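Engineer: I have a structure here, written as structure tokens, and I will follow up with some questions on it.
There are 2 protein chains.
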Amino acid sequence: MFMRKKGEPIIQSLCDTDFYKFTMGQFVLHRYPDVPVRYSFINRTSKVKIGDAIDADELREQLDHVRTLRFTNSELHYLRGTNEYSERMFKEDYLEFLRAYQLPEYDLRVKDGVLVLDFPDAWSKVKYWETIALPIIKELRSEAMMRNLSRAEQEEVFAKGHLRLMEKIRKLRTRPWIVVIDFGTRRRFSRKWHAHVVRVMAEELREQFRGTSNVWLAMKYGLLPMGTNAHSLAMVLACLDRSSDEAIIESQRRLLREWEEEYGLGLSIALPDTYGSDYFFRHIMTPEQMRAWKGSRQDSGDPIIYGEKRIRHYRELGIDPREKMLIPSDGLDIMSIFRIDDALNGKIKLSYGWGTNATDDLGFDSVSIVIKVAEANGVGAVKLSDNIAKATGKNEDIERFKEIFEYNNLFSEECKY
Amino acid sequence: MFMRKKGEPIIQSLCDTDFYKFTMGQFVLHRYPDVPVRYSFINRTSKVKIGDAIDADELREQLDHVRTLRFTNSELHYLRGTNEYSERMFKEDYLEFLRAYQLPEYDLRVKDGVLVLDFPDAWSKVKYWETIALPIIKELRSEAMMRNLSRAEQEEVFAKGHLRLMEKIRKLRTRPWIVVIDFGTRRRFSRKWHAHVVRVMAEELREQFRGTSNVWLAMKYGLLPMGTNAHSLAMVLACLDRSSDEAIIESQRRLLREWEEEYGLGLSIALPDTYGSDYFFRHIMTPEQMRAWKGSRQDSGDPIIYGEKRIRHYRELGIDPREKMLIPSDGLDIMSIFRIDDALNGKIKLSYGWGTNATDDLGFDSVSIVIKVAEANGVGAVKLSDNIAKATGKNEDIERFKEIFEYNNLFSEECKY
Numbered sequence: 001m002f003m004r005k006k007g008e009p010i011i012q013s014l015c016d017t018d019f020y021k022f023t024m025g026q027f028v029l030h031r032y033p034d035v036p037v038r039y040s041f042i043n044r045t046s047k048v049k050i051g052d053a054i055d056a057d058e059l060r061e062q063l064d065h066v067r068t069l070r071f072t073n074s075e076l077h078y079l080r081g082t083n084e085y086s087e088r089m090f091k092e093d094y095l096e097f098l099r100a101y102q103l104p105e106y107d108l109r110v111k112d113g114v115l116v117l118d119f120p121d122a123w124s125k126v127k128y129w130e131t132i133a134l135p136i137i138k139e140l141r142s143e144a145m146m147r148n149l150s151r152a153e154q155e156e157v158f159a160k161g162h163l164r165l166m167e168k169i170r171k172l173r174t175r176p177w178i179v180v181i182d183f184g185t186r187r188r189f190s191r192k193w194h195a196h197v198v199r200v201m202a203e204e205l206r207e208q209f210r211g212t213s214n215v216w217l218a219m220k221y222g223l224l225p226m227g228t229n230a231h232s233l234a235m236v237l238a239c240l241d242r243s244s245d246e247a248i249i250e251s252q253r254r255l256l257r258e259w260e261e262e263y264g265l266g267l268s269i270a271l272p273d274t275y276g277s278d279y280f281f282r283h284i285m286t287p288e289q290m291r292a293w294k295g296s297r298q299d300s301g302d303p304i305i306y307g308e309k310r311i312r313h314y315r316e317l318g319i320d321p322r323e324k325m326l327i328p329s330d331g332l333d334i335m336s337i338f339r340i341d342d343a344l345n346g347k348i349k350l351s352y353g354w355g356t357n358a359t360d361d362l363g364f365d366s367v368s369i370v371i372k373v374a375e376a377n378g379v380g381a382v383k384l385s386d387n388i389a390k391a392t393g394k395n396e397d398i399e400r401f402k403e404i405f406e407y408n409n410l411f412s413e414e415c416k417y
Numbered sequence: 418m419f420m421r422k423k424g425e426p427i428i429q430s431l432c433d434t435d436f437y438k439f440t441m442g443q444f445v446l447h448r449y450p451d452v453p454v455r456y457s458f459i460n461r462t463s464k465v466k467i468g469d470a471i472d473a474d475e476l477r478e479q480l481d482h483v484r485t486l487r488f489t490n491s492e493l494h495y496l497r498g499t500n501e502y503s504e505r506m507f508k509e510d511y512l513e514f515l516r517a518y519q520l521p522e523y524d525l526r527v528k529d530g531v532l533v534l535d536f537p538d539a540w541s542k543v544k545y546w547e548t549i550a551l552p553i554i555k556e557l558r559s560e561a562m563m564r565n566l567s568r569a570e571q572e573e574v575f576a577k578g579h580l581r582l583m584e585k586i587r588k589l590r591t592r593p594w595i596v597v598i599d600f601g602t603r604r605r606f607s608r609k610w611h612a613h614v615v616r617v618m619a620e621e622l623r624e625q626f627r628g629t630s631n632v633w634l635a636m637k638y639g640l641l642p643m644g645t646n647a648h649s650l651a652m653v654l655a656c657l658d659r660s661s662d663e664a665i666i667e668s669q670r671r672l673l674r675e676w677e678e679e680y681g682l683g684l685s686i687a688l689p690d691t692y693g694s695d696y697f698f699r700h701i702m703t704p705e706q707m708r709a710w711k712g713s714r715q716d717s718g719d720p721i722i723y724g725e726k727r728i729r730h731y732r733e734l735g736i737d738p739r740e741k742m743l744i745p746s747d748g749l750d751i752m753s754i755f756r757i758d759d760a761l762n763g764k765i766k767l768s769y770g771w772g773t774n775a776t777d778d779l780g781f782d783s784v785s786i787v788i789k790v791a792e793a794n795g796v797g798a799v800k801l802s803d804n805i806a807k808a809t810g811k812n813e814d815i816e817r818f819k820e821i822f823e824y825n826n827l828f829s830e831e832c833k834y
């Protein structure tokens with residue numbers, strides 16, 4: 001069965017996390033190691049009180065266990081040997097940092113059934129908690145939901161899950177040009193189910209399965225570890241200097257330049273929606289970068305409208321959009337993948353970052369939980385995104401950032417996951 | 418997954434067999450140890466050539482492996498400690514026989530895709546092959562059918578099987594007075610799947626699951642080992658003296674007397690259909706036995722007509738049929754169980770011997786394979802049953818036995834399993 005045995009830790013390796021934690025981790029270590037930041041747990045599904053559903057002591061036990069883990073020499077070898085994006089992309093100083101690394105302390109309370117979980121520390125240290133703590137919380141919740149089922153009923157849950165997975169795979173096979181990537185670590189039902197899903201996708205989808213964001217599973221199955229960066233980079237950089245609107249805007253431009261300095265064009269997938277994609281492509285990314293970078297990831301708003309805008313924009317710049325990559329990754333399921341494929345296939349290169357619907361489709365209500373930068377450098381962090389329902393930050397900050405980034409997006413949709 | 422690992426033997430214990438092999442085995446050892454008999458494999462599903470489907474060398478390897486097995490001391494303890502039917506039902510001389518026991522040699526050939534498999538030896542020795550060789554042949558065929566499936570597709574087969582099993586269990590739960598027994602050893606899809614099905618039935622059906630015919634699984638899960646006797650007893654006894662019709666008839670009466678001598682009334686479930694149930698209850702079993710014996714097993718013909726006849730007969734004798742047991746065991750599925758229940762519940766005690774449909778319902782065509790006594794004491798063995806399509810023996814013998822036993826049954830139906 002795909003649940004942990006009693007007493008077994010949920011996270012058993014520091015590599016059981018998303019690859020981009022390392023690409024971002026090195027970037028942060030090299031440039032912003034000491035910025036004080038605070039990451040906070042947020043449950044966007046208000047009807048589910050996570051603090052009631054899971055036992056805080058058990059959560060604490062799991063979080064404490066991960067703090068006892070260290071990167072093994074084999075894991076460091078694996079990272080050192082990673083050359084798919086550029087030769088020796090992880091430098092020796094960073095690998096030495098990882099060798100000595102321990103996850104920092106955290107603050108955990110439950111208040112009126114609400115789980116309050118904060119991770120305050122220097123950015124280079126605290127960065128790794130997000131994609132460790134989320135699957136822990138998620139798996140504890142899965143266990144809580146399974147607790148009232150008999151063993152055979154639990155097996156039934158996974159039997160149905162496997163049939164659903166196979167059905168999705170058969171649908172994907174009807175369009176053999178569609179390529180998916182596993183992005184399901186953070187909201188996976190359980191560690192073992194995630195491993196099962198990735199194994200089955202790799203075996204059954206073959207060339208249609210490009211890789212996984214999970215480093216442990218990439219190692220385990222010999223797959224390509226995938227990922228570039230997340231919103232936290234843009235969010236923290238926008239906290240460093242709030243003295244003027246121009247400084248905030250400039251922080252976003254600097255991010256692109258510095259990312260390219262760190263990795264060349266190996267990881268040049270832009271994530272444009274932190275403060276609105278329209279502004280990003282008009283005023284942050286330069287036409288030269290548009291030309292040079294591989295493409296972008298679409299993580300909020302309408303993926304087809306987004307794709308059509310990118311295609312138009314590339315063409316305006318004399319760039320053939322068919323040479324550029326678009327990675328939709330916002331709550332995808334087979335229907336939305338097919339809808340995007342219908343609209344955009346052949347016009348731009350597509351890879352689908354398939355997450356929660358791949359690794360948490362076991363018949364239970366899903367919860368949209370995230371761990372986000374709440375503040376950095378003493379000021380509140382802000383994210384707008386192309387879906388205003390996903391915005392995070394203090395209201396006054398959100399309003400200020402909307403003005404700075406000429407945000408007039410009306411798209412608003414509750415997060416599925 | 419519920420398939421054996423490469424190199425793993427299919428049968429791993431001499432107790433992985435039906436309980437009634439032991440109840441009959443002791444009976445035979447005590448009374449007819451040296452009768453020369455020949456058991457033969459018969460595939461009643463002519464469209465499937467078992468000899469083509471499975472590899473004879475692999476079959477040989479599996480059969481040879483079982484010949485290396487011996488009863489362990491723990492298994493002998495278990496049998497010695499079996500007291501559910503009567504105190505110390507297995508005697509020390511029989512347990513000593515088992516301690517020294519090795520399965521005898523066999524004859525195996527494949528001729529034009531037809532598997533020819535014979536077990537000729539003294540009855541007390543050769544008796545055990547049937548329920549060992551059948552699940553071996555069955556599992557090799559299952560493996561042949563699974564071979565063209567990918568691992569994830571094989572997992573899908575078992576996922577669907579588990580859902581089917583749970584659906585059946587939920588249906589059975591709607592009639593909490595229905596009680597089933599696992600009779601699925603001989604045609605189980607695989608050893609591991611059998612173990613899964615029995616575990617789930619025991620956990621989910623609780624009091625509605627009375628026990629299993631498989632001794633290994635009874636031991637493994639702490640269940641009641643169940644079973645009494647099979648047609649082979651009646652068939653071999655009818656071979657001992659063919660000098661007169663009366664001698665043949667008398668052999669059947671003797672069987673009942675001797676069975677009762679061996680076990681008292683602990684195992685007093687009659688199996689009446691070897692030469693037709695109507696004759697059996699009119700001329701073989703005495704009214705005293707009808708009164709004393711616990712009941713009967715219905716293994717061919719129409720179970721409802723059979724049940725109604727028994728009820729009427731019991732009443733004629735002034736016996737309350739609600740004190741008597743009827744065990745339908747002929748190719749049952751949920752629909753037929755419910756049909757029998759609709760007709761007979763409350764009128765007679767019912768336990769359902771549920772076999773192939775419980776342990777081999779994985780979406781593949783089933784095959785009706787048996788290993789039957791072909792000859793004994795130098796003459797051809799005969800079985801008529803209440804379904805003439807199930808009759809075995811030479812034509813002239815069948816005709817003679819039909820006359821002797823005034824067989825005028827018109828029921829004929831191809832075996833599902």
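First to last, the sequence lines map onto chains A and B.
The working numbering puts the first sequence at residues 1 to 417.
The working numbering puts the second sequence at residues 418 to 834.
Every residue, glycine too, gets a C-beta built ideally from N, C-alpha and C.
Keep in mind that this is a model prediction, so the values were computed, not measured.
Would you mind reading off the limits of the beta strand (DSSP E) that contains Leu743(B)?
Structural biologist: Element bounds for Leu743(B): Met742 to Pro745.
Engineer: Could you tell me whether any Cβ in chain B is nearer than 8 Å to the Cβ of Ser336(A)?
Structural biologist: Ser336(A) does not count as touching chain B.
Engineer: When the Cα atoms are used, what is the spatial distance from Asp342(A) to Gly307(A)?
Structural biologist: Rounded to whole angstroms, Asp342(A) to Gly307(A) spans 12 Å at the Cα level.
Engineer: Check whether the stretch 55-71 of chain A and the stretch 106-119 of chain A are in contact - that is, three or more C-beta pairs closer than 8 Å.
Structural biologist: Segments in contact, yes.
Engineer: Do you know how far the Cα of Ile553(B) is from the Cα of Gln479(B)?
Structural biologist: Distance between the alpha carbons of Gln479(B) and Ile553(B): 7 Å.
Engineer: Residues of chain B with CB closer than 8 Å to the CB of Ser190(A), please, in chain order.
Structural biologist: Neighbours of Ser190(A) on chain B: none; closest Cβ ~17 Å, over 8 Å.
Engineer: Using CA atoms only, rank isn't needed, just tell me which of Ser668(B), Lys637(B) and His648(B) is closest to Ala655(B).
Structural biologist: Comparing Cα-Cα distances from Ala655(B) to each of Ser668(B), Lys637(B) and His648(B), the minimum goes to Ser668(B).
Engineer: For Leu163(A), which residues in chain B fall below 8 Å Cβ to Cβ?
Structural biologist: Chain B residues near Leu163(A): Glu573, Ala576, Lys577 and Leu580.
Engineer: Below 8 Å, how does it come out for the stretch 37-47 of chain A and the stretch 365-376 of chain A: are there three or more Cβ pairs, yes or no?
Structural biologist: The stretch 37-47 of chain A, when compared against the stretch 365-376 of chain A, does touch it at the 8 Å Cβ threshold.
Engineer: Got a sec: is the Cβ-Cβ distance from Glu207(A) to anything in chain B below 8 Å?
Structural biologist: Taking Cβ atoms only, chain B never reaches closer than 8 Å to Glu207(A), which makes this a no.
Engineer: Would you mind telling me which residues of chain B sit closer than 7 Å to Ala152(A), beta carbon to beta carbon, in chain order?
Structural biologist: The contacting residues are Met583, Val617, Glu620 and Glu621.
Engineer: Check Gly307(A) in the structure and name its three-state DSSP category.
Structural biologist: Looking at Gly307(A) - three-state DSSP - the assignment turns out to be helix.
Engineer: I'd like the span of the alpha helix (DSSP H) that includes Ile598(B), first residue to last.
Structural biologist: No alpha helix (DSSP H) holds Ile598(B); the beta strand (DSSP E) holding it covers Val597 to Asp599.
Engineer: Tell me where the beta strand (DSSP E) around Ser456(B) begins and ends.
Structural biologist: Going by the sequence as given, residue 456(B) is Tyr instead of Ser. Per DSSP, Tyr456(B) belongs to the beta strand (DSSP E) from Pro453 to Asn460.
Engineer: Would you mind working out which of Phe158(A), Thr212(A) and Glu153(A) sits nearest Met583(B), comparing C-alpha positions?
Structural biologist: Considering only alpha carbons, the answer is Glu153(A).
Engineer: Our contact map puts Arg4(A) next to Arg191(A) with C-beta atoms below 8 Å; I'd like the distance itself, whole angstroms only.
Structural biologist: That pair is a contact at about 7 Å.
Engineer: In terms of alpha-carbon separation, which member of Glu396(A), Arg312(A), Ile249(A) and Gly355(A) lies closest to Phe405(A)?
Structural biologist: Measuring from the Cα of Phe405(A), the nearest candidate turns out to be Ile249(A).
Engineer: If you count every other CB in all the chains shown that lies within 10 Å of the CB of Leu410(A), and 16 or more means buried, which is it?
Structural biologist: The residue in question, Leu410(A), is exposed, as its Cβ has fewer than 16 Cβ neighbours within 10 Å.
Engineer: Kindly list the residues whose CB is nearer than 8 Å to the CB of Lys111(A), restricted to its own chain and excluding five residues on each side of it in sequence; keep chain order.
Structural biologist: Excluding residues within five positions, the ones whose Cβ falls inside 8 Å are Gly51.
Engineer: Report the rounded CA-to-CA distance for Glu509(B) versus Ile805(B), giving the unit in angstroms.
Structural biologist: Approximately 41 Å between the Cα atoms of the pair.
Engineer: Does the stretch 589-603 of chain B come close enough to the stretch 448-457 of chain B to have 3 or more Cβ pairs within less than 8 Å?
Structural biologist: Too few Cβ pairs lie closer than 8 Å, so no.
Engineer: Under 8 Å: do the stretch 66-78 of chain A and the stretch 140-160 of chain A share three or more Cβ pairs, one atom per stretch?
Structural biologist: Flag = no, the stretch 66-78 of chain A and the stretch 140-160 of chain A do not touch.
Engineer: Quick check: what's the CA-CA separation for Ile319(A) versus Trp293(A)?
Structural biologist: For Ile319(A) and Trp293(A), the distance between alpha carbons rounds to 11 Å.
Engineer: Quick one: what does DSSP say Leu149(A) is sitting in, helix, strand or coil?
Structural biologist: Here Leu149(A) sits in coil by DSSP.
Engineer: Bridge partners of Gly712(B), per DSSP?
Structural biologist: For Gly712(B), which the question treats as bridged, DSSP gives the partners Ile686(B) and Met742(B).
Engineer: Cα-Cα, which of Gly276(A), Tyr407(A) and Asn408(A) is closest to Ser385(A)?
Structural biologist: Comparing Cα-Cα distances from Ser385(A) to each of Gly276(A), Tyr407(A) and Asn408(A), the minimum goes to Gly276(A).
Engineer: Within 10 angstroms of its Cβ, does Trp594(B) collect 16 or more other Cβ (buried), or is it exposed?
Structural biologist: Exposed: under 16 other Cβ atoms inside 10 Å.
Engineer: So, Tyr85(A) versus Gly266(A), is the Cβ gap smaller than 8 Å?
Structural biologist: In this structure, Gly266(A) lies closer than 8 Å to Tyr85(A) by Cβ.
Engineer: Using a Cβ-Cβ cut-off of 7 Å (strictly less than) and excluding sequence neighbours within five positions of Met742(B), which residues of its own chain qualify?
Structural biologist: These residues qualify, in order along the chain: Ile686, Lys711, Gly712, Lys766 and Ser768.
Engineer: I'd like to know whether the C-beta atoms of Pro272(A) and Leu317(A) end up nearer to each other than 8 Å.
Structural biologist: It is not a contact, given that the beta carbons lie outside the stated cut-off.
Engineer: Roughly how many angstroms lie between the CA atoms of Arg339(A) and Lys309(A), to the nearest whole one?
Structural biologist: Their Cα atoms are separated by approximately 16 Å.
Engineer: Which stretch, first to last residue, makes up the beta strand (DSSP E) that contains Tyr94(A)?
Structural biologist: No beta strand (DSSP E) contains Tyr94(A), which is instead part of the alpha helix (DSSP H) from Glu92 to Arg99.
Engineer: Round the Cβ separation of Tyr731(B) and Pro738(B) to the nearest angstrom and send it over; I've been treating them as touching at under 8 Å.
Structural biologist: Contact holds; Cβ gap of about 4 Å.
Engineer: Counting along the chain, where does the beta strand (DSSP E) carrying Lys528(B) start and finish?
Structural biologist: Lys528(B) -> beta strand (DSSP E) spans Asp524 to Lys528.
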